[in-house]
Each structure stands twice: as structure tokens, then as C-alpha cells.
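Participant:
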Amino acid sequence: MIIRKRIWPRTLSDFFSMTFILIIIPVIYWFELWVVLPAVHKYGSLPYILHFFFGNFIMLNIVGNFTYIVFCDTSTRRDIMPISAANTKDGWRLCASCETLAPPRSWHCSTCNICILKRDHHCIFTGCCIGHYNHRYFIMFVVYLFVATTYSFCYNNFFIWNKMHFEFPMSLIKIIFPLAIFIFGFDDSINQFYLILYIVSAVGMLYTGVLCIYHFCLIFNGNVANESWKQNLKEVLGDRWYLTWILPYIKSQLPHNGIIWDTSNSWLYTNSKNATYNTTQMLMSKIVKSHPVFLLFVYLLSTSLSCLIFSLLLLLPLLFLCVLTES
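Quick note: the sequence shown uses UniProt numbering, first residue 1, plus one each step.
1) Report the rounded CA-to-CA distance for N134 versus L50, giving the unit in angstroms.
2) May I have the straight-line CA-CA distance separating I62 from F141, to the nearest angstrom?
3) On the CB-based measure, 16 or more other CB atoms within 10 Å of its CB, does E99 come out buried or exposed?
4) In three-state DSSP terms, what is A96?
5) Is C115 near T76, with beta carbons less than 8 Å apart?
6) Mind checking which residues open and close the beta strand (DSSP E) that includes H108?
7) Which class does S189 belong to by DSSP, given the choice of helix, strand or coil?
8) Tell me whether I250 sits in a helix, a strand or coil according to DSSP, three-state version.
9) Taking only the alpha-carbon atoms, compute the straight-line gap between F103 and F16 and give it to the nearest angstrom.
10) Once you ignore the five residues that flank N271 on each side, which residues in its own chain have a CB closer than 6 Å to its CB?
11) Using DSSP's beta-bridge definition, name the partner residues of A102.
12) Can you tell me whether V70 is buried or exposed? The criterion is at least 16 other CB atoms within 10 Å of its CB, across all chains shown.
13) Pick helix, strand or coil for S45, following the three-state DSSP scheme.
14) For H122, list the residues DSSP reports as bridge partners.
15) If you measure between the beta carbons of L195 and F31, is that distance less than 8 Å?
16) Under 8 Å, do T126 and F66 count as touching if we go by C-beta distance?
17) Does the beta-carbon distance from T244 to L254 come in below 8 Å?
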């Protein structure tokens with residue numbers, strides 16, 4: 001694995017998103033294993049030991065995969081071809097931004113300012129692009145985040161219901177505006193802080209669940225060759241795909257080097273779908289550069305509305321139980 005030369009985020013959105021991940025993951029880890037788990041299971045009991053071990057196993061995979069995503073260089077920096085060789089390599093094209101030839105299936109990232117091998121997307125939570133060499137770690141990172149948040153959400157339901165006293169309608173206000181209630185001192189108790197972490201884990205469960213479905217659909221459909229689902233899985237997770245879920249440190253050789261592909265003509269740059277995709281990418285890059293403040297506002301607004309909707313949907317059962325208890 002080749003290490004990236006610059007691992008720090010390049011934009012404010014990347015910086016704040018990555019900082020949020022670096023803070024919230026250890027906080028949730030502490031909350032679940034040192035606050036929730038002892039409250040649900042007796043300290044030292046067999047269920048406590050098993051869940052404590054499983055929780056640390058999940059945390060190890062989250063941290064390990066995140067580290068590999070951030071440090072792995074999946075750019076075309078080491079695969080530069082002279083422009084004079086343009087006619088000798090089918091599928092290679094000239095990148096106007098890099099002013100070099102780019103391999104098939106690589107796309108230029110305006111944020112990273114370089115072409116990325118088999119570029120999937122630019123992840124703001126890791127501050128880098130997801131491409132050929134770190135795609136496996138990104139998939140496992142999202143999978144283990146989904147497992148962790150689902151696991152936490154199930155346990156947190158028991159913990160929050162037994163720990164907190166719900167009074168309608170004040171409980172509704174605390175649930176809709178948990179952070180504001182805590183920061184402005186309307187309820188600065190530790191229980192309100194626990195409620196914030198509960199909502200974060202609930203929203204995270206939905207968000208990572210959608211990401212898992214979306215990315216696995218892309219993997220199983222396969223964009224390289226129309227072969228079996230197993231071959232499509234190997235394209236991302238490597239030859240030992242069945243072991244990659246255990247730990248990120250397990251070696252799993254990828255079937256391709258990110259430059260030469262067993263592709264059909266449909267994946268050449270001249271294909272209409274890929275040409276349309278490339279045009280869309282360039283258009284989005286122009287919009288980002290021209291209106292960064294507006295896009296930041298739209299991003300913050302959509303994120304806030306999504307969190308509000310998800311919080312209401314997930315906590316409706318608690319509110320319903322609260323009303324039944326009072327009646």
C-alpha cells in the first residue's frame with residue numbers, strides 16, 4: 001500500500017465532517033461500553049463479557065478500516081503516461097486538469113486535484129476519494145458502522161427508557177431540539193447528553209443502512225464485466241473477499257491494478273453514458289467553485305432537516321409509550 005502524501009482535509013466541509021467522525025466515534029464507544037452496557041448487564045457476567053468483546057471487535061474494525069481509507073493512495077500520481085503515447089493505449093484519455101493521460105475508469109476530483117483510479121466518490125467524512133485501492137476499506141467501514149449503530153440503538157432503547165423520565169410535551173421538545181436544549185442550559189443534565197447520543201446513533205443507523213444498500217447494489221451489479229456476483233465482489237474486496245470482514249489487516253489481492261481492465265467497449269471513454277457522467281462531473285465542479293457558500297447552506301439545511309425527520313420517525317414509539325403511561 002502506498003501512503004498518501006497529504007492526509008489532512010482540503011476543504012472546510014471535509015474538515016468539519018472528518019472532525020465530527022473523529023470525535024463522535026470514541027464518544028459513542030465510551031457511552032455504549034462504559035455507560036449503557038453496565039446498566040443493562042451485570043458487570044463481569046457472561047453476557048457482559050461477550051458484548052464487551054464484540055463491541056471492541058467492532059471498534060477495532062471501524063478504526064482500522066478508517067485508517068486504511070485515509071492513508072491509502074489510490075490516485076494516478078504513480079501511473080502517469082506521456083501524452084505522446086495517446087494513440088497506443090485504448091481507453092486512456094487526456095485529463096485537462098492534470099494535463100496528463102488518465103487510465104480507463106479514472107476520474108478527476110476537483111477537491112483532491114488529481115485523477116483517482118476507479119473513482120467512486122469523494123467522501124467528506126474521510127477527507128479523501130474512494131477509489132480502486134481503498135474501496136474495500138470504505139465498504140467495510142460503512143458495514144461496521146451500520147452494525148455498531150444498529151447494535152447501539154437496540155441497547156439504547158432499553159437504557160433511555162429506564163434512565164429518563166418522559167413528560168409530554170416537554171419530552172417532544174427535548175427530542176426535536178436535543179442539542180439546543182443541552183447547550184442553552186434548559187436541561188444540561190447528563191441524561192440529556194445521553195439522549196443526544198441516542199439520537200446520533202439512531203440517525204447513523206439509518207444513514208449507514210442506506211449507504212450499505214446503495215453501495216452493495218453497485219458492487220453486485222458490477223461495472224467491470226458481466227460476470228457472477230462473486231467476481232464483482234472480488235473487484236472491490238479482493239480474492240479473499242470472504243475474509244475481509246474479519247479485520248482490515250487481512251491481505252486480499254485485487255484482481256486488477258486499477259489501470260488495465262477486462263472491460264467491454266461500453267466502458268471506454270467514448271461511450272455515451274461515461275461521456276455524460278464526465279460532463280456531469282465537470283458541471284458539478286464548476287458549480288462548487290462558483291457558489292461554495294450557497295452549496296454549504298444547502299448542505300447544512302438538508303442535513304438538519306434529515307436529522308429532524310429521522311429523529312421524529314425513530315422516537316415516535318417512545319412518545320407513544322409516554323402518552324400511554326401518562327393516560
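Built from N, CA and C at the ideal position, the CB exists for glycine as well.
Facilitator: Taking the definition as stated:
1) Their backbone Cα atoms lie some 31 Å apart in a straight line.
2) Per the coordinates, the alpha-carbon of I62 lies some 5 Å from the alpha-carbon of F141.
3) Exposed.
4) Here DSSP, grouped into helix, strand and coil, assigns A96 to coil.
5) The answer is yes: Cβ separation under 8 Å.
6) Run containing H108: 107-109, per the beta strand (DSSP E) assignment.
7) In this structure, S189 counts as coil in the three-state DSSP scheme.
8) Collapsing the DSSP output to three states places I250 in coil.
9) According to the sequence as given, residue 103 is Pro; it is not Phe. Pairing P103 with F16, the inter-Cα distance amounts to about 32 Å.
10) Confidence in N271 is poor, its pLDDT being 43 and thus under 50, which makes the residue's placement unreliable; the coordinate value appears in the next sentence. There are no such residues.
11) DSSP lists R93 as the bridge partner or partners of A102.
12) Buried, since its Cβ has 16 or more Cβ neighbours within 10 Å.
13) Here S45 sits in coil by DSSP.
14) DSSP, once it has assigned bridges, lists C129 as partnering H122.
15) No.
16) Contact annotation: T126 and F66 have beta-carbon atoms nearer than 8 Å.
17) At least 8 Å separates the beta-carbon of T244 from that of L254.
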